[in-house]
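Peer 1: Chains as they are written, first to last, in this note's numbering: chain W, 44 to 156; chain Y, 8 to 124.
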Amino acid sequence: GEDVEQSLFLSVREGDSSVINCTYTDSSSTYLYWYKQEPGAGLQLLTYIFSNMDMKQDQRLTVLLNKKDKHLSLRIADTQTGDSAIYFCAERGENTGFQKLVFGTGTRLLVSP
Amino acid sequence: KAGVTQTPRYLIKTRGQQVTLSCSPISGHRSVSWYQQTPGQGLQFLFEYFSETQRNKGNFPGRFSGRQFSNSRSEMNVSTLELGDSALYLCASSLAPGLTSGANVLTFGAGSRLTVL
């Protein structure tokens, strides 16, 4: 079945860049997403990328997709303390129901001043 | 534009009871799906509704059920609660299924946190 893996924890200093990595197994993935979850809150969509793209940039966020290796990364430039949260990658396969996303385990990002 | 509204935000139940959670999607969104989030299992898909019909279901026992109303609002029900049902239940809405544009993304509510004692 589909599986999405992420490292559990990342710690950076304010102003540095953060890179959160994700690997997935479903070769039929069509869209891949990054969501952010702050304590006590739901999931906030940060960005997404279509599977035929290699890169997408959105302000401080850069998504890189290596479809051959099934590897997705999220780079946050100039990381701020307000970026501290859990980050989830998720994939939507071609053959699944439209709204079914398979989520990774989440990466807890801690930004220290 | 109001976001996805879930009620109640917090609730405590005891084993054996049942619970109903409610979700009001963003105005104009007709598709609703539900996810369960636990520390052990992470985020898992429960089910998806469109036009009052369940379109897809995750790997959960029959104690978990849901429905969607004609105004697109959705409810999910868990009967005969078990300790392991303690979780954050997240509802998400989107415009409609089947659209190929990635812009038709899921918008999540803040969740309903269920504690089973």
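We treat Cβ as the ideally placed atom computed from N, Cα and C, and that holds for glycine.
1. Ordered along the chain, which non-local residues of its own chain (more than five positions away) have a Cβ less than 8 Å from that of residue 16 (chain Y)?
2. Between the stretch 69 to 80 of chain W and chain Y, which residues of the former have a C-beta closer than 9 Å to a C-beta of the latter?
3. Under DSSP, the beta strand (DSSP E) around residue 82 (chain Y) begins and ends at which residues?
4. Please report whether the beta-carbon of residue 100 (chain W) lies at a distance below 8 Å from any beta-carbon of chain Y.
5. Following the continuous beta strand (DSSP E) through residue 99 (chain W), name the residue where it begins and the one where it ends.
6. Can you name the residues of chain Y whose CB is closer than 7 Å to the CB of residue 146 (chain W)?
7. By DSSP, does residue 150 (chain W) sit in helix, in strand, or in coil?
8. Roughly how many whole angstroms lie between the Cα atoms of residue 88 (chain Y) and residue 43 (chain Y)?
9. With contact counted as at least three CB pairs below 8 Å, one residue from each stretch, are the stretch 87 to 95 of chain W and the stretch 66 to 76 of chain W in contact?
10. Are any of the Cβ atoms in chain Y nearer than 8 Å to that of residue 108 (chain W)?
11. May I ask you to verify whether the stretch 100 to 120 of chain W touches the stretch 16 to 29 of chain Y, counting CB pairs closer than 8 Å and requiring at least 3?
12. Taking C-beta pairs closer than 9 Å, name the residues in chain W that residue 60 (chain Y) reaches, listed in chain order.
13. For a contact defined as C-beta to C-beta under 7 Å, what are the partners of residue 115 (chain Y) on chain W?
14. Are residue 51 (chain Y) and residue 30 (chain Y) close, meaning C-beta to C-beta below 8 Å?
15. May I have the straight-line CA-CA distance separating residue 34 (chain Y) from residue 9 (chain Y), to the nearest angstrom?
16. Short of 6 Å in beta carbon distance, which residues of its chain neighbour residue 98 (chain W), apart from the five on each side in sequence? Order them along the chain.
Peer 2: Based on what the coordinates show:
1. 117, 118, 119 and 120
2. 73, 74, 76, 78 and 80
3. 81 to 85
4. no
5. 98 to 101
6. 49 and 50
7. strand
8. 14 Å
9. yes
10. no
11. no
12. What residue 60 (chain Y) touches in chain W: nothing, since even the nearest Cβ is about 12 Å away.
13. 85 and 86
14. no
15. 7 Å
16. 107
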